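As structure tokens, the structure follows; a few thoughts come after it.
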Amino acid sequence: MSNPQFSPETLALVETMKRRYPADRQKSALIPVLHLAQAEFDGWLSVPVMDYVASLLSLQPIEVYEVASFYSMFNLKPVGKCVLEVCRTSSCWLMGAEDVVRHIEKKLGIRVGETTGDGMFTLKTVECLGSCGTAPMLQCGSDYYENLTLEKVDNLISELRSDGRRRTYPKADRVMD
Amino acid sequence: MGKKLLLQHDHVPGIHTLQVYRDHGGYSALRKALSSMTPEQIVEEVKTSGLRGRGGAGFPTGMKWSFLAKPPGVPRYVVCNADESEPGTFKDRYLMERIPHLLIEGMILSSYALGANTSYIYIRGEYYYVANILEMAIAEAYAAGLLGKNILGSGFDCDLYVQIGAGAYICGEETALLESLEGKRGNPRIKPPFPAVAGLYGCPTVVNNVETIAAVVPIVNDGGAAYAAIGVGRSTGTKLISASGHINRPGVYEIELGVPVEEFIYSDEYCGGIRNGRRMKAVVAGGSSVPILPADLILKTSNGEPRLMTYESLADGGFASGTMLGSGGFIVMDEDTSIVKNLWNFTRFYHHESCGQCSPCREGTGWMEKILHKILDGHGTLSDVDLLWDIQAKIEGKTICPLGDAAAWPVASAIRHFRSEFEEYVKRGSSIRDVKHYFRLNNLPEPVA
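Protein chains in written order, with this note's numbering: chain A, 136 to 312; chain B, 2 to 450.
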């Protein structure tokens, strides 16, 4: 994608975001806008996409790169349509997160950090997602899948596969101007 | 059954909507404050209540509020810390998801009390769906004249926005949060200046946890004295506890501060005891950063007093035999849990989440993770345990922000209370050197990279 361009709807949302901060503090919109970019451009942030975001917010590209590379939710490499993010910390570990990870690795034939050949799934391990009382859990898009068993994981993978859609972060139904 | 101030209506269908929230007394505190209280009176009520920061530090909220600088002509900001990422903590997510208007009402009240006309709720990126719930609720509040210009005809203006993060534990530290809100990497700032003087955009700012802000609502409704009447000593009011791990009834519980720890763990009203009839081995009482305690010390202090769920009782004995209430992330481990492996899990977490600014934290966390992995692999020596102790002691107190302390305390406490377990791994070294064989023998999962 050499010339990324937001849809008019997303551009309107970017303008809404910018109005949330003082006129000389537009950089505050950077992280929300990077989320919009990741949702719109195949789930990851390529250099042209980051440069586009920089131009929208009148920032130097480096200001975007340094932020995008700091936060774990921003993918700087292509990812599958469904990124399975398994929590590996603390209570999830106590309750069997490692079994979940190994099960998915075996089932999909990939290791943590890899994407299946058909581009459908990427497997990631992430740190505590605040779902410790319903451990183990994984996140896909904005959805939490909690109290996992290996059987539930199997069912989820079949569901996601037959659905075939990219899972991402849905825009708010209503965003205040 | 203890008194509930925040979650008394959490199971009412539709409580996330403005209508149902109002039907159950919602926004009565705001009406009361705007019609009959000055901002200073609210600050006084919060001081009287004895409310302490619910994010983990436990600093008195009224005092924090009174530090806010008020230079004329300079905007002030109230920022809600909804970055909840301390492992073992999930109470704020529960509160925001179930009763978003409680947080919104608390934000408007706090903004009025502190003279802020623009306020932000900074929520961790992974809680994207919760952010959408908040956006919907905020839209409802604007439509009903509870936000925006001239709220309820009082002449007070307040705009409230949700700001989304993108995955970084460090952004729960208030100055890192402000950096992130300004669109930068989440590197904590050197203090002073404190946010009360120079916070968001260099302006005076108060940053408070979700639960702290929500607690302002019952304090305004019933008065600070009524709030202070609940609890024990300087631990006043109620606290949300996130209970997880090897217990029968994990979940979020609102307790009156002062409930005995033993009752909290074993009563069917709360955790319901240890799963599968096993015995309890250890507890991390306030989120992964606080010292781990063995079963006997979490139930009773070293003087043999029953331990209570209060800031003071949990800290009784200092770090030699006590811990902290912290964020209220209460993680229970049964007798089959490997303390060394649990510590490796925690230490890897801190290594992953170190922002990299200060060398003791950046280098030390990774070094400790490597040593723990080596010990788990059966290649450890007794001097490695001493080395771990030495490294954690050289991280603690030597970093810009408390992440360094948070990484050091679990290591120190695990060695202090469970040293023999480390030594066991070391002694059995040659027999567990075949890692796969060892993990299979002990029916343990292998470490995942």
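C-beta: ideal position from N, C-alpha, C; glycine also. Bear in mind that the values here come from a model prediction, so they are computed numbers and not experimental data.
Exposure label - residue i; buried when at least 16 CB within 10 Å
| i | result |
| --- | --- |
| B/N346 | buried |
| B/G89 | buried |
| A/M311 | Because A/M311 carries a pLDDT of 48, less than 50, the predicted location of this residue cannot be relied on, and no value is offered for it. |
| B/P72 | exposed |
| B/D335 | buried |
| B/L35 | buried |
| B/M64 | exposed |
| A/K216 | buried |
| B/K192 | exposed |
| B/E85 | buried |
| B/A450 | With a pLDDT of 47 at B/A450, under the threshold of 50, the modelled position of this residue cannot be trusted, and the question is left open. |
Proximity test, Cβ basis, 9 Å: residue i and chain B
| i | result |
| --- | --- |
| A/F93 | Because chain A here runs from 136 to 312, residue 93 of chain A falls outside it and cannot be looked at. |
| A/A147 | no |
| A/S190 | no |
| A/M119 | A query on residue 119 of chain A cannot be resolved here, the shown segment of chain A reaching from 136 to 312 and no further. |
| A/S141 | In the sequence on display, residue 141 of chain A carries Phe and not Ser. No, because no Cβ of chain B sits closer than 9 Å to the Cβ of A/F141. |
| A/T257 | no |
| A/I245 | no |
| A/E198 | yes |
| A/M208 | yes |
| A/Y187 | no |
| A/T224 | yes |
| A/E201 | yes |
| A/S181 | no |
| A/L169 | yes |
Cβ-based neighbour list, residue i, same chain, cut-off 7 Å, excluding 5 preceding and 5 following
| i | result |
| --- | --- |
| A/S225 | C263 and C267 |
| B/E106 | G27, Y28, A30, L31 and V218 |
| B/A145 | L19 |
| A/H238 | L285 and V288 |
Beta bridge counterpart(s) of residue i as assigned by DSSP
| i | result |
| --- | --- |
| A/Y279 | A/Q274 |
| A/T250 | A/T257 |
| B/Q164 | B/Y123 |
| B/R53 | B/P61 |
| B/D335 | B/M281 |
| B/E257 | B/T239 |
| B/K92 | Looking at the DSSP assignment, B/K92 forms no beta bridge with any residue, so it has no partner. |
| B/T206 | B/Y78 |
| B/P295 | B/A283 |
| B/A244 | B/G252 and B/F331 |
| A/K242 | The partner list for A/K242 (beta bridge, DSSP) is empty, contrary to what the question assumes. |
Sequence-distant residues of its chain with Cβ nearer than 6 Å to residue i (five each side left out)
| i | result |
| --- | --- |
| B/G225 | E46, T49 and S50 |
| B/H17 | P101 |
| B/R190 | T176 |
| B/S120 | V79, M108, S112 and L161 |
| B/L298 | S322 |
| B/S355 | C362, R363 and T366 |
| B/S314 | R308 |
| B/D406 | E397 |
| A/V184 | P139, A172 and F176 |
| B/Q393 | A409, V412 and A413 |
| B/T400 | C359, P361 and C362 |
Any chain A beta carbon closer than 9 Å to residue i
| i | result |
| --- | --- |
| B/S86 | yes |
| B/V285 | yes |
| B/K185 | yes |
| B/V253 | yes |
| B/F419 | no |
| B/S245 | yes |
| B/G146 | no |
| B/F347 | yes |
| B/Y271 | no |
| B/E370 | no |
| B/F350 | yes |
| B/S37 | no |
| B/N133 | yes |
| B/N209 | no |
Residue i Cβ short of 8 Å to the ligand COA heavy atom set
| i | result |
| --- | --- |
| B/K282 | Annotation note on the ligand COA: not contained in the displayed structure, which lists no ligands. |
Other residues of its chain near residue i: CB distance less than 8 Å, five sequence neighbours each side excluded
| i | result |
| --- | --- |
| B/P295 | K282, A283, H418 and F419 |
If contact means a Cβ-Cβ distance below 8 Å, which residues of the region 259-289 of chain A contact chain B?
-> T260, V261, E262, C263, L264, G265, S266, C267, G268, T269, A270, Q274, S277, D278 and Y279
Chain-ordered residues of the region 306-338 of chain B with a beta carbon less than 8 Å from chain A = G330, I332, M334 and T338
Positions along the region 73-99 of chain B whose CB lies within less than 7 Å of some CB in chain A | Cβ contacts with chain A come from E85, S86, P88, G89, T90, F91 and R94.
Between the region 163-196 of chain B and chain A, which residues of the former have a C-beta closer than 8 Å to a C-beta of the latter?
-> Going along the region 163-196 of chain B in chain order, one finds Q164, I165, G166, A167, G168, A169, Y170, S181, L182, E183, G184, K185, R186 and G187 with a Cβ nearer than 8 Å to chain A.
Selection of the region 39-71 of chain B by Cβ proximity to chain A, strictly under 8 Å = none
Note down, in chain order, all residues in the region 353-379 of chain B with a beta-carbon under 7 Å from any beta-carbon belonging to chain A.
-> H353 and E354
Of the residues that make up the region 7-30 of chain B, which ones have a beta carbon closer than 9 Å to any beta carbon in chain A?
-> none
What residues in the region 114-130 of chain B have a beta carbon less than 9 Å from any beta carbon of chain A?
-> T119, Y121, R125, G126, E127, Y128, Y129 and Y130
Residues from the region 286-300 of chain B in contact with chain A, defined by Cβ distance under 8 Å = Listed by position along the chain: S289.
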